[in-house]
Structure formats: structure tokens, C-alpha cells
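*Asks:* Quick note, this note's numbering runs 22 ahead of the 1-based positions in the sequence shown.
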Amino acid sequence: KKNLTVQGQAVEFVCDTGACRTVVSSGVRLPTSNNSILVKSADGAT
23 KKNLTVQGQA
33 VEFVCDTGAC
43 RTVVSSGVRL
53 PTSNNSILVK
63 SADGAT
């Protein structure tokens, strides 16, 4: 676990090397957007 600051908010991140999904809790309250981004996981999956 690692605490990082995201847009002024302290957020705890967990790195799970066996995970097949990447998520950010809705509790972080990041602004929404209609833009898409490509996310590549540690195993190279997109």
C-alpha cells in the first residue's frame, strides 16, 4: 500500500501484481470526462 496525493486528495493505492482490473474508487471523487485513455497493466494487457 502507498499513500499518494491525487488532485489534492490523499489516496491509498494498492499494487496487486496478479490483478486483471485497474480501478479508482468513486470515493476519490475525480472529475468525470467523456475522453478515453489507454491503460496498460503490469502484465502488458490493455
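C-beta: ideal position from N, C-alpha, C; glycine also.
On a predicted model such as this, the values are computed, not experimentally measured, just so you know.
To which residues does DSSP link V33 through a beta bridge?
*Replies:* L26
*Asks:* Report yes if the CB atom of V33 is closer than 9 Å to the CB atom of V45, and no otherwise.
*Replies:* no
*Asks:* Can you look up V50 in the DSSP assignment and give me helix, strand or coil?
*Replies:* helix
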